[in-house]
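All remarks here apply to the structure that follows.
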Amino acid sequence: MDAIELSRLQFALTAAFHYLYPPMSIGLGLLLVLIEAAWLRTGNALYHQMARFWTRVFGLIFAMGVATGIVMEFEFGTNWAAYSRFVGDVFGSALAAEGIFAFFLESGFLAVLLFGWDKVSRRVHFLSTCMVCLGAHFSAIWIVVANSWMQTPAGFHIVGEGAGARAEITDFWAMVFNPSSVDRLFHTLCGAWQAGAFLVISVSAWYLLKRKHMDFARAAIRLALPVALVASLLQLLSGHISAQGIAKNQPVKLAAFEGLYDTTSNAPLRLFGWVDEKGESVVGPAIPSLLSVLAHNDPSKPVTGLREAAPDPKDRPPVNMTFQFFHLMVAVGFGLIFISVLGLYHSRRGSLADNRWLLWLLVISVLGPHIANQAGWFAAEVGRQPWIVQGLLRTSDAVSPVLKADAVIASVFLFTAVYLLLFAVFIYLLNDKIQHGPDEADLVPTGKLAGG
Amino acid sequence: MDFGTLDLNTTWFILIAVLFAGYAVLDGFDLGVGTLHLFVKGDNERRILLNTIGPVWDGNEVWLVTGGGALFAAFPNVYATVFSGFYLALVLLLVSLIFRAVAIEFRSKRESRLWRGVWDTSFSLGSLLSGFLLGVAFGNVAAGIPLDARGEFTGSFWTLLRPYPIMVGITSIALFTMHGSIYALLKTDGTVHEKLRHWAPKAIGVFVACYALLTVSTFVWVPHLVDRFMSRPWLFCLAIVNLLAIANVVREIRRRRDWAAFLSSCIAVIMLLAICAIGMYPNLVLSAPNPEHSLTIRNASSSQKTLSVMLTIALIGMPLVIGYTSSIYYIFRGKVKLDRASY
Numbered sequence: 006m007d008a009i010e011l012s013r014l015q016f017a018l019t020a021a022f023h024y025l026y027p028p029m030s031i032g033l034g035l036l037l038v039l040i041e042a043a044w045l046r047t048g049n050a051l052y053h054q055m056a057r058f059w060t061r062v063f064g065l066i067f068a069m070g071v072a073t074g075i076v077m078e079f080e081f082g083t084n085w086a087a088y089s090r091f092v093g094d095v096f097g098s099a100l101a102a103e104g105i106f107a108f109f110l111e112s113g114f115l116a117v118l119l120f121g122w123d124k125v126s127r128r129v130h131f132l133s134t135c136m137v138c139l140g141a142h143f144s145a146i147w148i149v150v151a152n153s154w155m156q157t158p159a160g161f162h163i164v165g166e167g168a169g170a171r172a173e174i175t176d177f178w179a180m181v182f183n184p185s186s187v188d189r190l191f192h193t194l195c196g197a198w199q200a201g202a203f204l205v206i207s208v209s210a211w212y213l214l215k216r217k218h219m220d221f222a223r224a225a226i227r228l229a230l231p232v233a234l235v236a237s238l239l240q241l242l243s244g245h246i247s248a249q250g251i252a253k254n255q256p257v258k259l260a261a262f263e264g265l266y267d268t269t270s271n272a273p274l275r276l277f278g279w280v281d282e283k284g285e286s287v288v289g290p291a292i293p294s295l296l297s298v299l300a301h302n303d304p305s306k307p308v309t310g311l312r313e314a315a316p317d318p319k320d321r322p323p324v325n326m327t328f329q330f331f332h333l334m335v336a337v338g339f340g341l342i343f344i345s346v347l348g349l350y351h352s353r354r355g356s357l358a359d360n361r362w363l364l365w366l367l368v369i370s371v372l373g374p375h376i377a378n379q380a381g382w383f384a385a386e387v388g389r390q391p392w393i394v395q396g397l398l399r400t401s402d403a404v405s406p407v408l409k410a411d412a413v414i415a416s417v418f419l420f421t422a423v424y425l426l427l428f429a430v431f432i433y434l435l436n437d438k439i440q441h442g443p444d445e446a447d448l449v450p451t452g453k454l455a456g457g
Numbered sequence: 004m005d006f007g008t009l010d011l012n013t014t015w016f017i018l019i020a021v022l023f024a025g026y027a028v029l030d031g032f033d034l035g036v037g038t039l040h041l042f043v044k045g046d047n048e049r050r051i052l053l054n055t056i057g058p059v060w061d062g063n064e065v066w067l068v069t070g071g072g073a074l075f076a077a078f079p080n081v082y083a084t085v086f087s088g089f090y091l092a093l094v095l096l097l098v099s100l101i102f103r104a105v106a107i108e109f110r111s112k113r114e115s116r117l118w119r120g121v122w123d124t125s126f127s128l129g130s131l132l133s134g135f136l137l138g139v140a141f142g143n144v145a146a147g148i149p150l151d152a153r154g155e156f157t158g159s160f161w162t163l164l165r166p167y168p169i170m171v172g173i174t175s176i177a178l179f180t181m182h183g184s185i186y187a188l189l190k191t192d193g194t195v196h197e198k199l200r201h202w203a204p205k206a207i208g209v210f211v212a213c214y215a216l217l218t219v220s221t222f223v224w225v226p227h228l229v230d231r232f233m234s235r236p237w238l239f240c241l242a243i244v245n246l247l248a249i250a251n252v253v254r255e256i257r258r259r260r261d262w263a264a265f266l267s268s269c270i271a272v273i274m275l276l277a278i279c280a281i282g283m284y285p286n287l288v289l290s291a292p293n294p295e296h297s298l299t300i301r302n303a304s305s306s307q308k309t310l311s312v313m314l315t316i317a318l319i320g321m322p323l324v325i326g327y328t329s330s331i332y333y334i335f336r337g338k339v340k341l342d343r344a345s346y
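Chains A and B, in that order, give the protein sequences. Position one of the first sequence corresponds to residue 6 (my numbering), numbered consecutively onward. Position one of the second sequence corresponds to residue 4 (my numbering), numbered consecutively onward.
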C-alpha cells in the first residue's frame, strides 16, 4: 500500500472510532436535558438519581470523544496537506467556528454538569446541561457543514491552476447553506438522538431483565422510548429528503447506493443484493418504482444510472461497497422503528417488564444506531469517491506530498493499538458503571440542590 | 463585516499568537500539574492534585483545538507544511494528548493500585511529552526548517531533533511545571500544599536556568529572532517586562503571595510568546537555509474574504468564550475539596 491508501485507511479508522462517541454525547445530552427538566418540574428525586447516573456515563463517553476528536483535525494537515491547501480557505473557517462556538461552550459547561452538583442551584445546573447539549449540537452543525461542502461545494471560486489551485470563499452563507448541509445535518442529528435514546433504553431494559432498580429503569425507559420513536420516524423522513437531494446533486452516489447502471424509469429499490461491478449488474429482491419515488416523489420519473452519470468507470466509487453500506443503514433504520414501536406499545400497556424476549431485543438495540450511523457515513464518504471534494479534487491528489508510506504504516499501527486498548477500557468501565447501577445516595440531593 | 483598511493578515498573526498564548497560560498549568503528578505519592493527595484541574482541563485544551482550527483557516499553507512535515512528532503528540485525556477520566474509576498506577503514569508522561513535543515543534518553526520552492518540508524526523528545538522543548516543560506548581498552590491546602510549597521554588529555579540558557542560545544560534529587537531597541521593554515578571514570581513565592506569583507567571508566559511572535513576524515558518522560501503572513494566508469572515466570527465568539470561561472558574473558585463527583 502507498501513502494514499494508508492515509485513507488511517482516516477511516480514526474517524469511525471517534464517531462512536459524539452521537452518544449529542443524544444523551438531549436525554439529560429531558431528565433534568422532569426533575425540575416534578421535584421527584428519582430524576435526580437518574441525572446523576447518566451524567457519569456521559462523562466517560465525552472523554473518549475529546481524546479521539483532535486526531482528525491534525490529520487534515499531517496526511492531507494538499487537501488542506486546496480547501483551507473554505473548510478551515467552519472548523474554527466549531472551536469557537461549540467546543468552548460544551467543555465549559460540562464542568458544571459533571462537577457542579453541590456548587450551583438546580436551575443553574439545568441551564448548564442545556448549554452542553446545545454545544454538542453546534459542533455537529459546523462539522456537518464542512463535510457537506465536500459533497456539494457552493459559495466559492477556484483561484490558481494545477497544483497551486485552491478554492476561495465568495459567499460565506452560500458555503454554510450549501445544497446538502441542512438535509445532512438533520440526518446526522436524528442518528445521534437515536444513539442516545437507545443507550438509555438498552441499559434500562437490562435492569428490568435482571429485576434490579425497577423504578429507576421504568422511569428512564418511559422517557427514552418516545425520543427513540420520534427520532427514528424523523430519520425515515430525513432519509427521504436526503435521497432527493442526492438524486439532484450527486447522481453518481445515488446510482451507487442502488447499483443502478442504466438510467431507469420506475426504478426499483432493492431490499438487499449484490453488485457485479465487472458485469455492471445487480441482483436482489426489489420493490418496483420505489427508488423513483424515493428520489423524485414520482414512480414514473427516471433515476440516472452510473453509465450516464459517470461514463468512465474511473469516476465511479466502489459500487458494491457503497451499495452494501447503504442497504445496511436502511435495514437497521427500519428495524429501529419497529423496535421502538413495539417497546412503546408494551411500555404503555405496562407489559414490558414481563416480556423477556422484547427486553432482550431492547438490550441489543443499542448497537442499532451505531451500525446505522457508521454504515451511513461509510456510504456517504465511499459513495463520493474518487473525489475528496466532489467534482473539484480527487482523493488521490489530496494526500501530503512529503508523506512516506513507512511513516503512515507506523502511525496506523500505533493508532490501532491505542484505540483497541482504549475501547477495551471504555467497555470495561461502562459495564462497571452499569453493573454498579444508580447510587442510592443520589435519592437525596445535597448542597444547594436540596433547596430546589 | 467590513474592516476597511485593517491589515487582516497581521491581525490574524496576532490573533493566532493570542490563541496559542491562551493555550500556554491555561493548558500550560494543566500540563505542569500533570508533570508533578507522579512526585506526589499518596492516592488521596494525587486525587487532590488531579482535581485542581478536574473541571477546567478540557476547556483549556479547546484553546489548542481552536488555535489549530484558526491556523488552518487563516494560514492553510502553514498548517499543511508544518503538520505534514512534522508527521511522526505530531502523531506522538496526539498519542500523548489521548493518553493524558483518558487517564484523567479513567484513573479514579477503580480502586486497584495497579490500575491507578498505570493511569497515573500515563497521565504524567502524557503531560510531560505533550509539553515537550509542543515546545520542540515551536522551536523548529521559530529557528527555521528546510523548505523547497513550493513550501514543502524537505527534512526528516531527525531534522526536528536539533539541539535548539530540543532546548525549547525542555524549557517548555520547565515553564509549564513552574506555572502548574504555582496554580496547584492556589488550589490546595493541607499536606499536598506543603509539598508544593517545597517544590515550587525548585521548579522556578530550573525554569530560570533553562530560560537563561535558551536566551544565550538564541543570540548565538538563531540571531534572526533578535534582529527586530536590535533594530528597534524599544522592543527590549517587552524583554524587561518578561524578566521582571519572572523575578517577581521568585519574590512573591518567597513571600507566600501565591496569587501575585501566579499572575506574574501568566505574564511571563504571555511575554515569552509575544517576544517569539515579534521575532518571527512576518514569517510564520522560516525557511533555513533558503529564507526566500519562508511562509509569511502574505504568501501563506487565506483570501481577504475568509480572513474578514473569520474576524467577524472571532469578534462574536471570543467575548462569549471569555464570559463563560470566567464564570466556570468563578464557580470552581477556592481550594479543592473532594466529593463524590470528583475524579
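Ideal placement from N, C-alpha and C gives every residue a C-beta, glycine not left out. Keep in mind that this is a model prediction, so the values were computed, not measured.
Of all Cβ atoms in chain A, is any one closer than 9 Å to the Cβ of residue i?
| i | result |
| --- | --- |
| Tyr26/B | no |
| Gly72/B | yes |
| Asp33/B | no |
| Arg113/B | yes |
| Tyr186/B | no |
| Ala344/B | yes |
| Leu96/B | yes |
| Glu295/B | no |
| Thr69/B | yes |
Against residue i, what residues of chain B qualify as contacts under a CB-to-CB distance less than 8 Å, listed in chain order?
| i | result |
| --- | --- |
| Thr73/A | Ile101 |
| Val430/A | Val105 and Phe109 |
| Leu100/A | Gly72, Phe75 and Ala76 |
Whole-angstrom Cβ separation of residue i and residue j, contact assumed at under 8 Å?
| i | j | result |
| --- | --- | --- |
| Leu228/B | Ala20/B | In fact, because the Cβ distance is near 14 Å, the residues do not count as touching under 8 Å. |
| Tyr88/A | Asn378/A | Going by Cβ atoms, the distance from Tyr88/A to Asn378/A rounds to 24 Å, so no, they are not a contact pair. |
| Asp188/A | Ser247/A | 5 Å |
| Thr315/B | Met4/B | 4 Å |
| Phe3/B | Ala86/A | Nothing about residue 3/B can be reported from this structure: the residues present for chain B run from 4 to 346 only. |
| Pro374/A | Leu347/A | Contact flag wrong, Cβ pair sits at about 16 Å. |
Could you check what DSSP says for residue i in three-state terms: helix, strand or coil?
| i | result |
| --- | --- |
| Ala212/B | helix |
| Arg171/A | strand |
| Ile300/B | coil |
| Ser370/A | coil |
| Thr269/A | strand |
| Ser286/A | strand |
| Asn49/A | coil |
| Asp281/A | strand |
| Val288/B | strand |
| Arg354/A | helix |
| His162/A | strand |
| Arg399/A | strand |
| Ala291/A | strand |
Return no unless some Cβ of chain B is closer than 9 Å to the Cβ of residue i.
| i | result |
| --- | --- |
| Ile174/A | yes |
| Gly93/A | yes |
| Val117/A | yes |
| Ser30/A | no |
| Lys306/A | no |
Going straight from the alpha carbon of residue i to that of residue j, what length do you get?
| i | j | result |
| --- | --- | --- |
| Ile273/B | Thr174/B | 15 Å |
| Val195/B | Ala206/B | 16 Å |
| His332/A | Leu33/A | 26 Å |
| Leu311/A | Ala261/A | 7 Å |
| Asn143/B | Asn302/B | 20 Å |
| Phe177/A | Phe96/A | 11 Å |
| Ile414/A | Ser305/A | 50 Å |
| Val28/B | Met181/B | 12 Å |
| Ser294/A | Ile56/B | 59 Å |
Interface residues of chain A around residue i at Cβ under 7 Å?
| i | result |
| --- | --- |
| Ser87/B | Gly82, Thr83, Ala86, Ser405, Val407 and Leu408 |
| Val144/B | Neighbours of Val144/B on chain A: none; closest Cβ ~13 Å, over 7 Å. |
Please list the partners that residue i has in chain B, where partner means a Cβ-to-Cβ separation under 7 Å.
| i | result |
| --- | --- |
| Leu434/A | Phe109 and Lys112 |
So which residues on chain A does residue i lean against when the C-beta distance must stay under 8 Å?
| i | result |
| --- | --- |
| Asp192/B | Ordered by position in chain A, no residue passes the 8 Å Cβ test against Asp192/B, which lies about 18 Å from the chain. |
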